[in-house]
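Let me begin by presenting the structure, written as structure tokens, before commenting on it.
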Amino acid sequence: VPPLFRNPNYETDPLRQAQLGLDRALAATVHSVIGTEHFRSRAAGLPPSHRLRGCCFTGREYELTALSEWINDGSGAAGELWVVTGGSGTGKSALLGVLACLCHPQLVPLAEAVRARIPASRAPDEQPAHTVAAVHARGRTLAQLVTSIATQLNLDLGGELTGPALLDGLQSMETPPLVIIDALDEAVDSVGIQLGLITPLAITRTSRGAARGPVCRLIVGTRSWRPQFDNLLELATTIPNHLLDLDQTAT
């Protein structure tokens, strides 16, 4: 066999390497379930086709710190819902992308450049396995969002892909999981998803042991369209400072 020369242009694909370590069923759905490329590229400030060598995220220090501290608290005692709004280009997806890359156990191995960019004092901790679900809602139906969330949280819904079925599954978990939903305004029937999935996730409380608390902890990114999302925006304003309007704050 003739000797082989090293290709100086060869680069390993960290996403592919991470997929090799996943269960086969989960590896097959990692792109569609987590929207991996969406969150990684938005966090890095680079187009999805770009090989991620670095991270360009900057600013949003208050928002990043507030959300990271809330994620690290873990109890949901400080309120179970955050809504991040703003017009196109204000950084909603970049902010949620950084959070997802740093705390989602499946994304952490793919996001070394993001973690190197964000000071530890403003970063969320990596969360335990099957306690975080991050979904990009663009072009997805309610059933597809339910499937994504249930798969990441290792919940068996018995084929019933509805909001109530997901709520039942979440109530069986020992601790309230973190659910990040980006681009709600770009989902299929976004208003129906708001009413049939997101509102119940935000307001339902359940008993875990002797304590009663939220069924999950929820972060939603969306344009602040009115009156379509009045219900969601009003829910967020009932918790002090949990509605982050990026149009109203400096970067």
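For reference, each letter of the sequence shown is one residue, going 1282 to 1532 in this note's numbering. Note that beta-carbon positions come from the ideal geometry of N, C-alpha and C, so glycine has one too.
DSSP on residue 1379, reduced to helix/strand/coil?
helix
Return the chain-ordered list of same chain residues with a C-beta closer than 7 angstroms to the C-beta of residue 1435, the five sequence neighbours on each side being excluded.
1411
So, at 7 angstroms on beta carbons, what are the nonlocal neighbours of residue 1533 in its own chain, with the 5 sequence-adjacent residues on each side left out?
No statement about residue 1533 is possible, as the shown extent of the chain runs from 1282 to 1532 and does not include it.
Can you tell me whether residue 1427 is helix, strand or coil according to DSSP?
helix
Every unbroken beta strand (DSSP E) within the stretch 1470-1501, with a cutoff of 3 residues, ordered by chain
1486-1489 and 1492-1495
Straight-line CA distance for residue 1341 to residue 1348?
11 angstroms
Can you grab the Cα-Cα spacing for the pair residue 1460 / residue 1470, in whole Å?
19 angstroms
By how many angstroms is the C-alpha of residue 1449 removed from the C-alpha of residue 1380?
26 angstroms
How would you write the range of the alpha helix (DSSP H) that residue 1414 sits in, first residue to last?
Element bounds for residue 1414: not the alpha helix (DSSP H) but the beta strand (DSSP E), 1413-1417.
Buried or exposed: where does residue 1404 fall if 16 or more other Cβ atoms within 10 Å of its Cβ makes it buried?
buried
Sorry if obvious, but does the Cβ on residue 1452 come closer than 6 angstroms to a heavy atom of the ligand GDP?
Inclusion of the ligand GDP in the displayed structure is not the case, the ligand content being empty and no account of it being possible.
Can you list, in chain order, the residues of its chain with a C-beta nearer than 8 angstroms to that of residue 1523? Leave out the 5 residues immediately preceding and following it.
1360, 1362, 1363, 1364 and 1517
Round the Cβ separation of residue 1409 and residue 1444 to the nearest angstrom and send it over; I've been treating them as touching at under 8 angstroms.
No, residue 1409 and residue 1444 are not in contact; Cβ-Cβ is about 25 angstroms, not under 8 angstroms.
Taking only runs of the alpha helix (DSSP H) that begin and end inside the stretch 1342-1372, which ones reach a length of at least 4 residues, in chain order?
1342-1354
Helix, strand or coil, according to DSSP, for residue 1463 in the structure here?
strand
Measure the alpha-carbon distance for residue 1388 versus residue 1483 and round it to whole angstroms.
24 angstroms
Starting from residue 1528, trace the beta strand (DSSP E) in both directions and tell me its first and last residue.
Counting along the chain, residue 1528 falls outside any beta strand (DSSP E), and DSSP gives it neither H nor E.
Alpha carbon of residue 1428 to alpha carbon of residue 1439, nearest angstrom:
11 angstroms
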